[in-house]
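I have placed the structure first, in the form of structure tokens, so that the comments after it can refer back to it.
Numbering (the UniProt record's numbering), first residue to last: 1 to 156.
In structure tokens, the structure reads:
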């Protein structure tokens, strides 16, 4: 007779076996025809031109972090609404539970609104592309080689 850990071990073995079978089948079914375009470097949707050591705009990451912040806010709002919207608790406390919950979430959302106002005032939400500065680097690789590689992979 298996213990609970034995069942878990069997599930892990079954999962790894299924994973191996699916990867093996996929290897035989997929097409394998790489070409120059597929083997080129892909850098965040931008065509790689010149030296990779350039200063690029970090505003994308700032906007993404602000987006994640407000997504986390929504993750906190759903359980809050379920727990604090319990009609039985509100009835038992003569409405004090509901007012406490409303005040608590108002403070939470108020702090987030202050953070959004701060980010807006600082200009973190402005989507303006700045011209990146190409740093002056003494490279042992001549610039002509970079240009040859770029010409080789340039799209027509």
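Positions of the beta carbon are idealized from the N, C-alpha and C atoms, including for glycine. All of these numbers come straight from a predicted model, not from anything done at the bench.
Reference residue i, options the options, closest by Cα
i: residue 123; options: 21, 66, 10; result: 66
i: residue 106; options: 77, 63, 16; result: 77
i: residue 152; options: 126, 41, 59, 110; result: 41
i: residue 149; options: 3, 36, 20, 25; result: 36
i: residue 115; options: 33, 62, 146; result: 62
i: residue 108; options: 27, 80, 11; result: 80
Three-state class that DSSP yields for residue i in the structure shown
i: residue 41; result: coil
i: residue 4; result: helix
i: residue 71; result: helix
i: residue 151; result: helix
i: residue 58; result: coil
i: residue 30; result: coil
C-beta atoms of residue i and residue j nearer than 7 Å
i: residue 71; j: residue 112; result: no
i: residue 101; j: residue 84; result: yes
i: residue 125; j: residue 117; result: no
Counted within 10 angstroms of its Cβ, other Cβ atoms place residue i as buried (16 or more) or exposed
i: residue 97; result: buried
Chain D within 7 Å of residue i, Cβ atoms only
i: residue 141; result: Among the protein chains of the structure shown there is no chain D, as only one such chain exists.
If you scan the stretch 80 to 146 from start to end, which runs of the alpha helix (DSSP H) of 4 or more residues do you find wholly inside it? 87 to 92, 96 to 122
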